[in-house]
Amino acid sequence: MLKHTRVSDPELYQLVEAELTRQERNIEMIASESTAPLDVMELTGSVFTNKTLEGYPGGRYQAGSEIADQVERLACERAKALFGAEHANIQSYSGSTANYTVFASILEVGDKILSMDLDQGGHLTHGSPANWTSKMYNHVFYGCNKETEQIDYDALEETAHREKPKLIICGASSYPRLIDYERIGKIAADVGAYSMCDMAHVAGLVAAKVIPSPFPYMDFVSSSTTKTFCSARSGMVFCKEKYAKILDRGTFPGCLGSIQLNTMAAKCWSFKYAATQEFHDTMVQVVKNSQHLAKALQERGFRVVSGGSDNHLNVVDLRGKGVTGKQMQIALDKAGITVNKQMIPYDPQKPWITSGMRIGTTSITQRGLREPEIDVIADIIDKVTNAPEDEANIAACRKQAMDLISGFPLYPAGSFDD
Ligand code: DSN
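Residue numbering for the sequence shown follows my numbering, beginning at 392 and increasing consecutively.
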């Protein structure tokens with residue numbers, strides 16, 4: 392692995408090796424993570440890294456761009472076909488920059504955005520006071536119904552009519568349920584707002600057609616390409632044809648500079664791979680595993696926010712177990728299960744403590760774990776929760792987690808042999 396870095400920078404090489412070992416030996420359940428296929432890794436590290444490119448195919452600012460033009464055209468065509476989109480711009484570097492390119496394309500300073508509150512499951516870039524966008528735009532929020540813990544569409548509609556936003560955003564970072572894109576698209580049309588779905592968390596599930604697609608109902612769809620899409624650390628944006636020119640101008644020169652041809656090539660590969668039966672089957676199992684985990688945790692006395700999961704993640708309310716999200720993140724990490732603390736809707740705790748944890752099933756499903764292994768994971772989580780500070784308990788759980796995961800390699804044996 393990394394035969395050049397191993398010689399030129401042993402200190403850094405050891406950190407890469409340590410991270411590979413960490414990923415191999417842990418049950419990775421951060422909901423925004425996945426395992427990049429080796430092809431994606433190869434392409435991300437390819438000679439395309441060397442090429443500087445501004446503009447679009449056929450109209451670049453740099454010479455020597457003919458091959459790059461072919462890559463970008465191919466990627467856009469594959470992306471459009473995969474998602475059934477009218478227009479694709481895949482120059483964004485990440486999910487965050489994907490969102491910023493949409494804002495740069497259609498909003499003026501001071502315009503109003505209606506989005507899901509971060510505390511209720513939304514995303515930092517959708518208007519959190521901590522994000523720079525809050526200095527540029529006015530933000531109003533919707534959230535979940537206190538009883539159902541699902542999006543309160545009536546309140547969303549009422550807020551939209553009262554506040555008259557220029558843009559309504561749906562899509563979330565910590566929402567285990569399906570989103571009614573049709574209703575949100577209609578509300579946006581009724582109040583004269585643009586509609587946008589940030590599908591970052593569920594892009595792979597949408598690509599594989601295992602959950603409903605936002606594309607028929609949204610003016611813009613943005614996304615990162617890691618998470619369930621299982622590709623490079625990058626981004627993508629789609630829109631209706633009537634907004635194509637606005638989006639392209641807003642992206643370059645409006646928001647971004649030179650594109651990253653290496654990650655674009657990796658995304659191009661993934662747009663092909665995501666149409667395969669193999670990817671479809673993986674995504675089907677991601678959802679099955681998530682739903683099985685909800686049931687397995689409920690059987691062990693955990694309260695699962697909203698009562699279950701329709702996608703790749705669960706949010707667990709830990710208050711009934713007398714532990715916090717922070718405590719569980721630390722204890723589970725020591726026990727070999729990687730999750731993150733998470734605010735639950737109407738959480739009485741501060742964001743750095745939290746009452747909940749978020750658990751995703753993408754990476755473990757890619758490694759081949761199925762329902763029987765999910766039961767073992769639920770058992771370990773239960774044991775850790777019952778005595779999170781007990782060193783002997785954590786050590787026993789760690790052994791059980793390692794025994795389980797060692798049967799499911801992160802990458803095929805020999806993948807990183809020189
Ligand atoms: N919002 C972060 C997450 O979902 O983990 C990453 O974008």
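Even glycine gets a Cβ: it sits at the ideal position worked out from N, Cα and C.
- Taking non-hydrogen atoms of the ligand DSN into account, the C-beta of residue 395 is found less than 8 Å away from none of them.
- The ligand DSN approaches residue 514 closely enough that one of its heavy atoms is under 8 Å from the residue's Cβ.
- Between the stretch 661 to 677 and the stretch 509 to 521, the count of C-beta pairs closer than 8 Å stays below three; the two stretches do not touch.
- A check of alpha carbon separations from residue 425 across 784, 807 and 754 identifies 754 as the nearest.
- Per DSSP, residue 560 is one residue of the beta strand (DSSP E) stretching across 558 to 561.
- For residue 751, the uninterrupted beta strand (DSSP E) segment begins and ends at 747 to 751.
- The beta-carbon distance between residue 444 and residue 649, rounded to whole angstroms, is 6 Å. This is short enough to meet the 8 Å contact definition.
- With a cut-off of 8 Å, the C-beta of residue 423 is classified as near the ligand DSN, since at least one heavy atom of the ligand falls inside that distance.
- In terms of side-chain proximity, the C-beta atom of residue 506 is found no nearer than 8 Å to any non-hydrogen atom of the ligand DSN.
- With contacts defined by Cβ atoms closer than 9 Å, residue 483 and residue 628 form a contacting pair.
- In this structure, residue 703 has its CB at a distance of at least 8 Å from all heavy atoms of the ligand DSN.
- The beta carbon of residue 807 sits closer than 6 Å to those of 392, all from its chain and outside the five residues before and after it, given in chain order.
- When the beta-carbon positions are compared, residue 746 and residue 716 come within less than 9 Å of each other.
- The stretch 479 to 517 contains, as complete beta strand (DSSP E) runs of 3+ residues, the segments 503 to 507 (chain order).
- The beta carbon of residue 539 sits closer than 7 Å to those of 697, all from its chain and outside the five residues before and after it, given in chain order.
- With a cut-off of 8 Å, the C-beta of residue 591 is classified as near the ligand DSN, since at least one heavy atom of the ligand falls inside that distance.
- Of the candidates 578, 759 and 767, the residue whose Cα lies closest to the Cα of residue 554 is 578.
- In the three-state DSSP reduction, residue 724 falls in the helix class (H, G or I).
- For residue 565 and residue 595, the gap between their C-alpha atoms comes out near 16 Å.
- Proximity of the beta carbon of residue 483 to the ligand DSN is not indicated: no heavy atom of the ligand is located closer than 8 Å.
- Distance from the Cα of residue 608 is smallest, within the candidate group 619, 584, 464 and 624, for 584.
- The shortest CA-to-CA distance from residue 476 to any of 571, 805 and 604 is the one to 604.
- Segment contact: the stretch 612 to 628 against the stretch 427 to 446, three or more CB-CB distances shorter than 8 Å; contact assigned.
- 9 Å or more divides the Cβ of residue 709 from the Cβ of residue 734.
- Of the heavy atoms belonging to the ligand DSN, at least one sits nearer than 8 Å to the Cβ of residue 615.
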